[in-house]
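Below is one structure, written out as structure tokens; the observations come after it.
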Amino acid sequence: MTEESNLYYADYLELDKILGSQRPKSSFKTDEMLFIVIHQAYELWFKQIIHELDSVRGIFSTDNVNDNAGEMSIAVHKLKRVVKILEVLNQQVTILETMTPMDFLEFRNLLLPSSGFQSMQFRLIEAKLGLKMDQRYKADYYKHTRRGGFSQQDFQTINQVEEEATLKELIVKWAERTPFFDESLWKDYQNLFPAENDAQKFWHDFKNIYQNSLSTLEQGRMDELEKVFYKEGLGDFSVGAMRAVLFIMLYRNLPIFQTPFDLLTTLIDVDELLSQWRYKHMLMTRRMIGVRVGTGGTSGAGYLEGALRQHYIFKELTEISTFLVERSKLPSLPNAVKEKMSFNA
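Take 206 as the starting number for the sequence shown in the working numbering and just add one per residue.
Put into structure tokens, the structure is as follows:
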């Protein structure tokens, strides 16, 4: 019998290391064991999220991601797994909340100056998704090696990862490669509204359709439409990327757009679940320590509230709903565009 056939469950999972890694600083009469187990579980799930994000970034790092091929479906599947993990993380907060504020006080001071703020893996998740330093709440405090900050090694690792291409940047490049607005595909398209010769036919009509969909109080939205889809883009998304995202959202029922639509909505789900996690963490912190300073030296719940407001990564995708119109008002696409979007193209 080979050595491999005698593989033992506890050895395979290295349970002696995992189950022997809970070492409370207080007595076993406190709730510190619960506190440790919950946070260790967080870090294990963070590791899995990082693994999935690296796989997805690898798929989008090429210049020929085929919306009809298996890679796109794999990317969406992995991001949906991240969504499920984040749902679990949000549920774990409710377990931690079975500890009362006075239970926490029994061992809180023994944790100084460590803090959840020092979770390198969570910072890597944010960085790999696309949260930049200049977009962070109190960015000057976010990354340092002073007391309550990161170790020098973790500090260097975070710096290195922040130099890599983020998933958001890769999604923008993917969207910009959308080939559906080549004017040659629209030669047979008949404009619904009179247009100048140099105007892109679809986007000229869309501007008029959108304007007609607005109430009197909403007419100011036309300036925003002009800025986002005709001049500057929105946030980190260029005009071309925003046009592609909106086009996918508008015509999502076409078979070729169902997977890209699933991709975009899953990214929104990831962002929303991260926001929920921050919100739950903020509420729990306020419940546990009120307005006291956090163990790592932050303003505690105040810092978490600021991060909650500011740390949205894919807000451009959420805000695309501002520019949707009734499906019944959408123009019919010319045959050349339909053929380009066919699975047989």
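Even for Gly, the Cβ is constructed at its ideal location relative to N, Cα and C.
What do you reckon, are the CB atoms on residue i and residue j nearer than 9 Å?
{"i": "Tyr517", "j": "Asp476", "result": "yes"}
{"i": "Phe251", "j": "Leu329", "result": "yes"}
{"i": "Tyr415", "j": "Phe528", "result": "yes"}
{"i": "Glu388", "j": "Gly445", "result": "no"}
{"i": "Asp236", "j": "Met304", "result": "yes"}
{"i": "Met493", "j": "Val298", "result": "no"}
{"i": "Leu294", "j": "Trp482", "result": "yes"}
{"i": "Gln323", "j": "Gly354", "result": "yes"}
{"i": "Phe386", "j": "Arg448", "result": "yes"}
{"i": "His256", "j": "Gly321", "result": "no"}
{"i": "Ile376", "j": "Leu468", "result": "yes"}
{"i": "Met338", "j": "Glu374", "result": "no"}
{"i": "Arg352", "j": "Pro318", "result": "yes"}
{"i": "Glu431", "j": "Lys412", "result": "yes"}
Hey, residue i and residue j are a contact pair by Cβ (cut 8 Å); roughly how many whole angstroms apart?
{"i": "Lys545", "j": "Pro384", "result": "7 Å"}
{"i": "Ala370", "j": "Ser266", "result": "6 Å"}
{"i": "Leu451", "j": "Phe434", "result": "7 Å"}
{"i": "Gln258", "j": "Leu390", "result": "The question names Gln, yet the displayed sequence has Leu at residue 258. About 34 Å separates the two Cβ atoms, so there is no contact after all."}
{"i": "Leu455", "j": "Leu535", "result": "6 Å"}
{"i": "Val530", "j": "Ser418", "result": "5 Å"}
{"i": "Thr464", "j": "Ser278", "result": "6 Å"}
{"i": "Phe466", "j": "Ile453", "result": "6 Å"}
{"i": "Lys406", "j": "Ala400", "result": "7 Å"}
What does DSSP give as the partner residues of residue i in its beta bridges?
{"i": "Leu439", "result": "Phe442"}
In three-state DSSP terms, what is residue i?
{"i": "Gln357", "result": "helix"}
{"i": "Tyr415", "result": "helix"}
{"i": "Ala400", "result": "coil"}
{"i": "Asn458", "result": "coil"}
{"i": "Ile634", "result": "Outside the shown range of the chain, which is 206 to 550, sits residue 634, and nothing can be said about it."}
{"i": "Ala370", "result": "coil"}
{"i": "Leu336", "result": "coil"}
{"i": "Met304", "result": "coil"}
{"i": "Ser389", "result": "helix"}
{"i": "Glu311", "result": "coil"}
{"i": "Gly425", "result": "coil"}
{"i": "Gln481", "result": "helix"}
{"i": "Leu317", "result": "coil"}
{"i": "Phe233", "result": "coil"}
{"i": "His282", "result": "helix"}
{"i": "Asn549", "result": "With a pLDDT of 49 at Asn549, under the threshold of 50, the modelled position of this residue cannot be trusted; read the value that follows with caution. Correct three-state label for Asn549: coil."}
{"i": "Met206", "result": "With a pLDDT of 47 at Met206, under the threshold of 50, the modelled position of this residue cannot be trusted; read the value that follows with caution. Coil at Met206, not helix or strand."}
{"i": "Pro465", "result": "helix"}
{"i": "Ser260", "result": "helix"}
{"i": "Asp474", "result": "helix"}
{"i": "Glu544", "result": "helix"}
{"i": "Leu538", "result": "coil"}
{"i": "Asp268", "result": "coil"}
{"i": "Tyr508", "result": "helix"}
{"i": "Gly495", "result": "coil"}
{"i": "Gln587", "result": "Because the chain here runs from 206 to 550, residue 587 falls outside it and cannot be looked at."}
{"i": "Ser420", "result": "coil"}
{"i": "Tyr214", "result": "helix"}
{"i": "Val293", "result": "helix"}
{"i": "His486", "result": "helix"}
{"i": "Lys348", "result": "coil"}
{"i": "Lys252", "result": "helix"}
{"i": "Gly275", "result": "helix"}
{"i": "Arg382", "result": "coil"}
{"i": "Ile223", "result": "helix"}
{"i": "Gln326", "result": "helix"}
{"i": "Arg448", "result": "helix"}
{"i": "Leu529", "result": "coil"}
{"i": "Gln395", "result": "coil"}
{"i": "Gln365", "result": "helix"}
I want to check one thing, is the minimum distance from the CB of residue i to the heavy atoms of the ligand MN below 8 Å?
{"i": "Pro318", "result": "Among the components of this structure there are no ligands whatsoever, and the ligand MN is therefore not found."}
Specify whether the region 246-263 and the region 280-296 touch according to this definition: at least 3 beta carbon pairs, one from each stretch, less than 8 Å apart. Three or more Cβ pairs closer than 8 Å define a contact, and the region 246-263 meets that threshold against the region 280-296.
The region 353-365 in contact with the region 424-435 per 3-pair CB rule at 8 Å: No, because fewer than three Cβ pairs between the region 353-365 and the region 424-435 fall closer than 8 Å, the two stretches do not touch.
Does the region 468-482 touch the region 520-528, meaning 3 or more C-beta pairs lie closer than 8 Å? Contact between the region 520-528 and the region 468-482 is present, with at least three C-beta pairs closer than 8 Å.
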